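Report on the following structure.
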Amino acid sequence: GGNGGRGGSIYLEACTAVHTLKHLRKRLSADDGDRGHGNDMNGRCGDDLILKVPVGTPLDQSFDFDEPGKKILICRGGEGGRGNKFLEDQINAFEEGTNGELRYLSLELKTVADVGLVGLPNAGKSTFLNAVSNAHPKIAPYPFTTLNPYLGSVDFADHYKFIIADIPGIIMGAHLNYGLGFSFLRHIERCKILVYVVDMSKPEPWKDFEILQNELRLYKEELINRTSLIIGNKMDRLENVEERVKQFEEKTELKVIPVSSKYSENVKSVTDYLRSVLNPDEPKEKPLKRGITYKVID
Numbered sequence: 003g004g005n006g007g008r009g010g011s012i013y014l015e016a017c018t019a020v021h022t023l024k025h026l027r028k029r030l031s032a033d034d035g036d037r038g039h040g041n042d043m044n045g046r047c048g049d050d051l052i053l054k055v056p057v058g059t060p061l062d063q064s065f066d067f068d069e070p071g072k073k074i075l076i077c078r079g080g081e082g083g084r085g086n087k088f089l090e091d092q093i094n095a096f097e098e099g100t101n102g103e104l105r106y107l108s109l110e111l112k113t114v115a116d117v118g119l120v121g122l123p124n125a126g127k128s129t130f131l132n133a134v135s136n137a138h139p140k141i142a143p144y145p146f147t148t149l150n151p152y153l154g155s156v157d158f159a160d161h162y163k164f165i166i167a168d169i170p171g172i173i174m175g176a177h178l179n180y181g182l183g184f185s186f187l188r189h190i191e192r193c194k195i196l197v198y199v200v201d202m203s204k205p206e207p208w209k210d211f212e213i214l215q216n217e218l219r220l221y222k223e224e225l226i227n228r229t230s231l232i233i234g235n236k237m238d239r240l241e242n243v244e245e246r247v248k249q250f251e252e253k254t255e256l257k258v259i260p261v262s263s264k265y266s267e268n269v270k271s272v273t274d275y276l277r278s279v280l281n282p283d284e285p286k287e288k289p290l291k292r293g294i295t296y297k298v299i300d
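Sequential numbering of the sequence shown, starting at 3, is according to my numbering.
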């Protein structure tokens, strides 16, 4: 008979259409090769298995899928055995094929998004993401509701879209790996624009912003210089929106955009502005709205 077919190999490939690792099973294998057939016919080779992973996924600190289409062989398939046609000195004999490679991998999603939402726990990042995108993160009034980054697509009527990531809440000392520290801060590194989400219903919200800035600075200095925007969330809880915005801007010497993610008020102005930053060559939209009348919660 003929030779056995080679077993399939396993590859990892970076793909822009994939944003999570949820589709990957814990144990994966490529196809086996077929055994050889009579009349000296060789067996069919097994199909390779190509696993799509998000762009930016690191592999054991040794390889980084930082470009779409980047591919690496992680397990080579076994060689097929030789049939008795090739062992003519041994009647009815055959030679066993070799086993394919076995490898244990640890893959961690390192978020790659156009926009990253940065804020303390319960600042309303998940509510904002839910208001502007197709993502539906878990929302509850206690810290660390978001334990993994959520990605959402902000879609426009003309089919333009960008990806926005809800980075789990940062606490004081995150740069020292306190709380959920490093596991969250490193997701921020690959976001093109950072949106600081601040709970403006707190007595001194500018102090929360200072904590965020300080943690990013101590973790990686260059993050502070990245293109950013501040949105003042939970404005629906305030009676005097303009006064709180004025206080914040005087304390930080920075502009803040007031929104109510809960009621989706002024959030479209933010997404329009983010689009203009991501695509500076497009015609500019109207200026960000500032004079919004918010509902007051009793």
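Just so you know, even glycine gets a beta-carbon here, dropped at the ideal spot from N, CA and C.
Note that the coordinates shown come from a computational prediction; the quantities given were computed from them, not determined experimentally.
For this session: Can you check DSSP and say which residues form a bridge with Tyr1?
Result: This structure leaves residue 1 out entirely; the chain is present only between 3 and 300.
For this session: Report the residue from Cys17, Ser271, Arg27 and Gly102 whose alpha carbon sits nearest the alpha carbon of Ala133.
Result: Ser271
For this session: For the stretch 32 to 52 and the stretch 116 to 124, state whether three or more C-beta atom pairs, one from each stretch, are separated by less than 8 Å.
Result: no
Exercise. Contact check, Ile195 vs Val279 under 8 Å by CB: the rounded distance?
Worked result: 6 Å
Exercise. Hey, Val258 and Phe250: beta-carbon distance below 8 Å or not?
Worked result: yes
Problem set entry | Nearest-angstrom Cα separation, counted from Gly35 out to Met43 | 13 Å
Exercise. Do Pro70 and Glu110 come within 8 Å of each other at the CB atom, strictly closer than that value?
Worked result: no
Exercise. What residues in its chain sit with their C-beta under 6 Å from that of Pro282, if we drop five residues either side in the sequence?
Worked result: none
Problem set entry | Residue range of the beta strand (DSSP E) that includes Lys264 | Neither: Lys264 is in no beta strand (DSSP E) and is coded neither H nor E.
For this session: Specify, as a first and last residue, the run of the alpha helix (DSSP H) that Asp274 falls within.
Result: Val269 to Leu280
Problem set entry | Secondary structure of Lys73, DSSP reduced to three states | strand
Exercise. What are the start and end residues of each continuous alpha helix (DSSP H) run of 4 or more residues lying completely inside the stretch 185 to 252, in chain order?
Worked result: 207 to 221
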